[in-house]
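J.: The sequence shown begins at 1 in UniProt numbering and counts up by one. Here a beta-carbon is modelled for each residue, glycine too, at the ideal position from N, C-alpha and C.
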Amino acid sequence: MEDWIPVVGSLGLALIIVIPFIANKVMKYKLEIARINAETTLKAEQIRANNQLEIEMFVKQQEGRAKKSGYQEDADYDQAPDKIRRRV
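(1) Curious, which full-length alpha helix (DSSP H) runs of at least 4 residues does the region 7-78 contain?
(2) Using only the alpha-carbon positions, how far apart do A44 and A38 sit?
(3) Out of curiosity, what's the CA-to-CA distance linking K68 and Y29?
(4) Can you give the Cα-Cα distance for I19 and I5, rounded to whole angstroms?
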């Protein structure tokens, strides 16, 4: 029984020394994973915002082109028999 006391004592001392290093490594690993996730989320939000901006700019550009073309229908357009050909 007395032979186990030094073994248990040295194992306990080793655990007291090693556990903080292991805990530090685990914390650093978890922080690195959280940082990568945050960067990924930020990049995805930037891409979404840029896409939304491009869509809005494209829609405004198309609206501007429609206004510039000044397409106006004649008053008798609906009654014209060739209205399909006239529109094209």
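T.: Inspection of the coordinates gives the following:
(1) none
(2) 10 Å
(3) 58 Å
(4) 21 Å
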